[in-house]
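Colleague:
Protein chains: 2
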Amino acid sequence: MTEEHHENQDENLESKLQKIISLLQRYKLVEGFVRLQDTPEPELIESIIQKQNLANLRGALDKLHPADIARILEMIPLEDRLIVWRFVKAEHDGEVLLEVSDAVRQTLIEDMDSEELVAAAEQLDADEIADLAPDLPSDVMEDVFRALPMEEREQLRAAMSFSEDAVGALMDFDVIIVRGNVRIEVVLRYLRRLGELPDHTDQLFVVDRNEHLQGTLLLNRLLVSDPNTTVTEVMTPKTVKFLPDDKAEQATDAFERYDLITAAVVSPEGKLLGRVTVNAVIDFMREKADLEARNQVGLSEEEDLFAPVWKSVRNRWAWLAINLVTAFFASRVIGLFENSIEKLVALAALMPIVAGVGGNSGNQTITMIVRALALGQVSQGSTLKLITKEISVSIVNGIVWGGLVGVFTYAIYQNIQLGLVMSLAMLLNLLLAAFVGVLIPLTRKKLGRDPALGSSVMITAVTDSGGFFIFLGLATLFLL
Amino acid sequence: MTEEHHENQDENLESKLQKIISLLQRYKLVEGFVRLQDTPEPELIESIIQKQNLANLRGALDKLHPADIARILEMIPLEDRLIVWRFVKAEHDGEVLLEVSDAVRQTLIEDMDSEELVAAAEQLDADEIADLAPDLPSDVMEDVFRALPMEEREQLRAAMSFSEDAVGALMDFDVIIVRGNVRIEVVLRYLRRLGELPDHTDQLFVVDRNEHLQGTLLLNRLLVSDPNTTVTEVMTPKTVKFLPDDKAEQATDAFERYDLITAAVVSPEGKLLGRVTVNAVIDFMREKADLEARNQVGLSEEEDLFAPVWKSVRNRWAWLAINLVTAFFASRVIGLFENSIEKLVALAALMPIVAGVGGNSGNQTITMIVRALALGQVSQGSTLKLITKEISVSIVNGIVWGGLVGVFTYAIYQNIQLGLVMSLAMLLNLLLAAFVGVLIPLTRKKLGRDPALGSSVMITAVTDSGGFFIFLGLATLFLL
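Keeping their order, the protein sequence lines are chains A and B. Heads up: the first sequence is residues 1 to 480, going by my numbering. Heads up: the second sequence is residues 481 to 960, going by my numbering.
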């Protein structure tokens, strides 16, 4: 980040947004007015005003950090967004595209021609271009590729080869390397000659002549060391490093646990390839948290708040369809017992309680297990212990809540047997919820899947159908 | 972080855990054996083996980073945890206590006496002690407080005065300050004299004689600047800064948007109070994500995976109770229509479909809004637009899925009117879900509450009771 952007970072985003919106309104007002007049005269008073409006809007945008522009673009409806986007300084285009959400990025890219896109991409580093690549038309990517210097082409090719959740995808190439046998004084002189260090440089990487990583030299150490010692004497020899194919999740864990700012990425042979910075890690964490939240309710993509309706419908389609199937299944389970319900209609009113509380309890269990898995708190040997514990919790809950519900049921329907059946069904469905709530995420994890994906829908499907079956089955056995 | 911990950070956590567990098993085995023998003879062969076992366990633990020890303690059952905890080097106690989850921390603290606790706390900085303070007995806190030097006492008092979600709670006091009028060369000499810089120092803070913040001097700039220029010439004058009472969420946003490593915290008068580091921000983000996930299903606290059953029961209590009340309410809604169900028992089998799909769709809406609020994408003026969009999506979904469900219903029950009522009820319940799904989080946000808390339970309550009422009501009107 360069300093020009720092200018008004302490101002509130909402107030920046309001400023842009009010300038935009003024611009749109005059624009509409000019169009209404439909006059060929170019020296109209409105057009002078409009020039001023434009200059104001441009000026306000120029003063904003690209990340702020990105946020503002996400917050305004599509039509306004495209007007504002056109007035963003071309040299900020690349960074803004990097910062916006995937959904909004698409709307912006659709509005740009190939030349603009190539120009925007060329402002970025190889690893950043790789992040944009999936959204860019292939002819644009070809042009970008051809325009890059040899070394960066290699980097871009490398960066694009990693899967999205690998460390390689978080990596950048902004490393400063030094040799172990030089003196600190020489390093200091070398840095001064460079004139500028890459953002977030907290350590230099010490390599041998084969580019194998020997250790790292923290700037903090560099600054306080005797200029006459050698790099080897003050470097940290054993340092956190990753392979490009390591899971990104592993890197974020290490950054969190060991409080890192940057870490080296090396080839299996130990050759330095690049580095991961804490900011790439933060972005990944945010995206991951976002993905998890959306996955649990079955939103398949990031959704632009102002997306056209058909896009939103498509985004939510798959999951509603699955839900409909499970709901139909539950409905057929009830259908099996229509005779029983006809004889004792209270069953219809009571059955959602059994299903609902079971679902809620199952969701608590599954959430706890998913969180523990995400935080790496579940070791391979603890499955049985976890099931035992959850079952125990369910038994307690089942007895207490089941008992309470039984009493209420008796109070309402004056039917002791019905109350007992209700209590027993609650207990059994809570046990089912606990058992399945532990097993679903652990099994998915073992199969290498995301333990959170759709967990909520699955557990609810089990506790609904299971709850109806248990309750209506018991009622049919004992009451009729 | 000092280098001694770096030693084996590239080793996998699971393998570290397995090593500790196997050493622990060996220790426990012999311990059990010795107890069985019940012999007073101290020179037993077992006790020699046991000494070796102990030394091995201690040695393995000593080599681990405190953060790794913390993770391992979280992953093993209570009984083993306390054995391992006793063998952790006393000088690591403080850091381990900081790193473990709240729930596990309690189990560790319960196992320590006051002296050990005071010793552990004294290894920590004032801001870290403040993090532990809520879990420490008050007599321990008094002792710790008394043992601190004057300056740190002040810091501790300050740190403890901030609410948990304020920037002040993330702040530490490890700032290096310099004056603007000194030359870079002098700064370099000053740093060398300090001998060690605080972790994560990426910039020095430039203050005037009243300790008012003038700007910051990035180490990256410091290293490449001409030693004869003054600090003022190379410092960044306008820098991101926070007030201690700013929302922590605001700081995490800024760190993410502007890719910061550290940022200054100043008093309303502009006096430098401390700094926030990116690592405090990451920890906060993790905890926040964790809190959100738990909040949605009503787990009131972090839960130790191996907590005693009664503790887990208590943790999940409140929400199940709320859920039970809403389920009872829904049940009473059905109870209103028992006559209708008696006449047409198919209603009982169909009503959960209407409620279920409505709940699912509502959860999608609410999750999207909550995410957008968390990412700051919702501006004050967009409520109406959001409702309009969600309603439109619901109309499309309602027509498509409602139509489909109507056809299936007809296919199963051979009753056209029933199919039509089913379709209409689906549509109406989806509309209700969209409307409430937007309104709940936006209203809570406006009232200054957490928009995520319990959102899932609330929307489900509305779509269940609402769905039953709409469907059974329509059926009673048109079919009977």
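We put the beta carbon where it would ideally sit given N, CA and C, even for glycine. Please read all numbers here as calculations on a predicted model, not as lab measurements.
Would you tell me roughly how many angstroms separate the C-alpha atoms of T482/B and T216/A, rounded to the nearest one?
Modeller: Your numbering for residue 482/B matches position 2 in the second sequence. Your numbering for residue 216/A matches position 216 in the first sequence. Low confidence applies to T482/B: its pLDDT is 33, below 50, so where it sits in the model is not reliable, and the reading given next is rough at best. Cα to Cα, T482/B sits roughly 14 Å from T216/A.
Colleague: Restricting to Cα atoms, I'd like to know which of F468/A, K446/A and I459/A is closest to A425/A.
Modeller: Within the first sequence, the letter at position 425 stands for residue 425/A. Looking at the Cα atoms, F468/A is the closest of the given residues.
Colleague: Determine the direct distance from the alpha carbon of R449/A to that of F437/B, and round the result to whole angstroms.
Modeller: Here chain B covers residues 481 to 960 and nothing more, so residue 437/B does not appear.
Colleague: Please confirm whether any heavy atom of the ligand ATP lies closer than 7 Å to the CB of V576/B.
Modeller: Here there are no bound small molecules, and the ligand ATP is not part of this structure.
Colleague: Show which residues of chain A have a CB atom less than 9 Å away from the CB atom of P832/B.
Modeller: Taking the second sequence and counting its residues from 1, the one referred to as residue 832/B is at position 352. A327, A330, S331, I334, M351, P352, A355, D464 and F468, listed in chain order.
Colleague: Identify the contact partners of R774/B in chain A, using a Cβ-Cβ distance below 9 Å as the criterion.
Modeller: What you label residue 774/B is simply residue 294 of the second sequence in a count that begins at 1. The contacting residues are Q364, T367, M368 and R371.
Colleague: Is T229/A closer than 8 Å to I176/A when the C-beta atoms are compared?
Modeller: Counting from 1 along the first sequence, the entry for residue 176/A is found at position 176. Counting from 1 along the first sequence, the entry for residue 229/A is found at position 229. Contact: no.
Colleague: Quick check: V918/B and I867/B, are their CB atoms within less than 8 Å of each other?
Modeller: In the second sequence, residue 918/B corresponds to position 438, counting from 1. In the second sequence, residue 867/B corresponds to position 387, counting from 1. Taking 8 Å as the Cβ cut-off, V918/B and I867/B qualify as a contacting pair.
Colleague: Taking Cβ positions only, does L480/A come closer than 8 Å to chain B?
Modeller: Along the first sequence, one-based indexing puts residue 480/A at 480. So no, L480/A is outside the interface.
Colleague: Which partner residues of D652/B appear in the DSSP bridge assignment?
Modeller: Here residue 652/B refers to the residue found at position 172 of the second sequence. In the DSSP output, where bridge partners are listed per residue, D652/B has R755/B.
Colleague: Using 10 angstroms around the beta-carbon of D573/B, count the other beta-carbons present and answer buried if the total reaches 16, otherwise exposed.
Modeller: Counted from its first residue, the second sequence places residue 573/B at position 93. Buried is the call here.
Colleague: Which residue or residues does DSSP assign as beta-bridge partners of H212/A?
Modeller: Locating residue 212/A in the first sequence gives position 212, counting from the first residue. For H212/A, which the question treats as bridged, DSSP gives the partners K271/A.
Colleague: Does the region 593-613 of chain B come within contact of the region 628-646 of chain B, defined as at least 3 CB pairs closer than 8 Å?
Modeller: The region 593-613 of chain B vs the region 628-646 of chain B: in contact.
Colleague: Given a limit of 8 Å on CB to CB distance, which residues of the region 527-538 of chain B reach chain A?
Modeller: Under the 8 Å Cβ criterion, the region 527-538 of chain B contributes no residue.
Colleague: For H486/B and chain A, any beta-carbon pair shorter than 8 Å?
Modeller: Here the question's residue 486/B lines up with position 6 in the second sequence. Caution is warranted here: a pLDDT of 37 is assigned to H486/B, below 50, making its placement in the model unreliable, and the coordinate value is therefore given only provisionally. Yes, its Cβ sits closer than 8 Å to a Cβ of chain A.
Colleague: Of all Cβ atoms in chain A, is any one closer than 8 Å to the Cβ of Q857/B?
Modeller: What you label residue 857/B is simply residue 377 of the second sequence in a count that begins at 1. Closer than 8 Å to some Cβ of chain A, the Cβ of Q857/B qualifies, so yes.
Colleague: Since I459/A and G362/A are thought to touch, with beta carbons under 8 Å apart, how far apart are those beta carbons, to the nearest angstrom?
Modeller: The residue given as residue 459/A occupies position 459 in the first sequence. The residue given as residue 362/A occupies position 362 in the first sequence. 4 Å between Cβ atoms; contact.
Colleague: Does the beta-carbon of W310/A have 16 or more other beta-carbons within 10 angstroms, so that it is buried, or is it exposed?
Modeller: Stepping through the first sequence from its first residue, residue 310/A is reached at position 310. Exposed.
Colleague: What residue range does the alpha helix (DSSP H) around V714/B cover?
Modeller: As a position in the second sequence, residue 714/B is number 234, starting the count at 1. That run of the alpha helix (DSSP H) goes V711 to V714.
Colleague: Between the region 108-122 of chain A and chain B, which residues of the former have a C-beta closer than 9 Å to a C-beta of the latter?
Modeller: Listed in sequence order: no entries.
Colleague: Counting contacts by CB-CB distance shorter than 8 Å, is Q9/A in contact with chain B?
Modeller: To locate residue 9/A, count along the first sequence from 1; it is residue 9. In this prediction, Q9/A has a pLDDT of 49, which is less than 50 and means its spatial position is unreliable; what the coordinates show is noted afterwards. Yes, contact with chain B.
Colleague: By how many angstroms is the C-alpha of D253/A removed from the C-alpha of L628/B?
Modeller: For the purposes of this step, residue 628/B is taken as the residue at position 148 of the second sequence. For the purposes of this step, residue 253/A is taken as the residue at position 253 of the first sequence. So the two alpha carbons sit approximately 33 Å from each other.
Colleague: Excluding the five sequence neighbours on either side, which residues of its own chain have a C-beta within less than 7 Å of the C-beta of L420/A, listed in chain order?
Modeller: Taking the first residue of the first sequence as 1, we reach residue 420/A at position 420. For L420/A, where only same-chain residues beyond five positions count, the Cβ hits under 7 Å are G406.
Colleague: For the putative contact between L272/A and L213/A, defined by C-beta atoms under 8 Å, what is the C-beta separation to the nearest angstrom?
Modeller: Sequence index remark: in the first sequence, residue 272/A carries index 272 (1-based). Sequence index remark: in the first sequence, residue 213/A carries index 213 (1-based). Right, their Cβ atoms sit about 5 Å apart.
Colleague: DSSP state of E487/B, grouped into three classes?
Modeller: Residue numbering aside, residue 487/B sits at position 7 when the second sequence is read from its first letter. Residue confidence is low: E487/B scores 41 on pLDDT, short of 50, so the model does not pin down where it sits. No coordinate-derived value is stated.
Colleague: Whole angstroms are fine: how far does the CA of D174/A sit from the CA of R275/A?
Modeller: By 1-based counting over the first sequence, the position of residue 275/A is 275. By 1-based counting over the first sequence, the position of residue 174/A is 174. R275/A and D174/A: Cα-Cα distance of roughly 7 Å.
Colleague: Please list the terminal residues of the continuous alpha helix (DSSP H) segment that includes F685/B.
Modeller: What you label residue 685/B is simply residue 205 of the second sequence in a count that begins at 1. Careful: F685/B lies outside any alpha helix (DSSP H), inside the beta strand (DSSP E) at Q683 to V687.
Colleague: With respect to the beta strand (DSSP E) encompassing A744/B, which residues constitute its N-terminal and C-terminal limits?
Modeller: Taking the first residue of the second sequence as position 1, residue 744/B is located at position 264. First-last of the beta strand (DSSP E) with A744/B: T742 to V746.
Colleague: In the region 89-109 of chain A, which residues sit with their C-beta less than 7 Å from some C-beta in chain B, listed in chain order?
Modeller: If the cut-off is 7 Å between Cβ atoms, the region 89-109 of chain A has nothing near chain B.
Colleague: Thinking C-alpha only, which one of E116/A, E164/A, L170/A and E269/A is nearest V144/A?
Modeller: Mapped onto the first sequence, residue 144/A falls at position 144. If we check each option's Cα against that of V144/A, E116/A comes out closest.
Colleague: Spatial neighbours of I589/B within its chain, please: C-beta separation below 6 Å, excluding the five flanking residues on both sides.
Modeller: Position 109 of the second sequence, counted from the first residue, corresponds to residue 589/B. Taken in chain order, the residues that qualify are D615.
Colleague: Would you say D131/A reaches chain B, if we count a Cβ-Cβ gap shorter than 8 Å as a contact?
Modeller: As a working mapping, residue 131/A is identified with position 131 in the first sequence. So no, D131/A is outside the interface.
Colleague: Mind pulling the chain B residues with CB within less than 9 Å of H200/A?
Modeller: If you number the first sequence from 1, residue 200/A lands on position 200. Those within 9 Å of H200/A in chain B are D682, N700, D739 and I741.
Colleague: The region 393-404 of chain A: which residues have C-beta closer than 9 Å to a C-beta of chain B, in chain order?
Modeller: Result list: V393, I395, V396, N397, V400, W401 and L404.
Colleague: In the DSSP assignment, the alpha helix (DSSP H) including V84/A goes from what residue to what residue?
Modeller: Locating residue 84/A in the first sequence gives position 84, where the first residue counts as 1. L78 to F87 is the span of the alpha helix (DSSP H), which, as asked, contains V84/A.
Colleague: Let me know if Q414/A comes out buried or exposed under the rule of 16 or more other beta-carbons within 10 Å of its beta-carbon.
Modeller: Translated into the one-based positions of the first sequence, residue 414/A becomes position 414. Counting Cβ neighbours within 10 Å, Q414/A comes out exposed, since fewer than 16 surround it.
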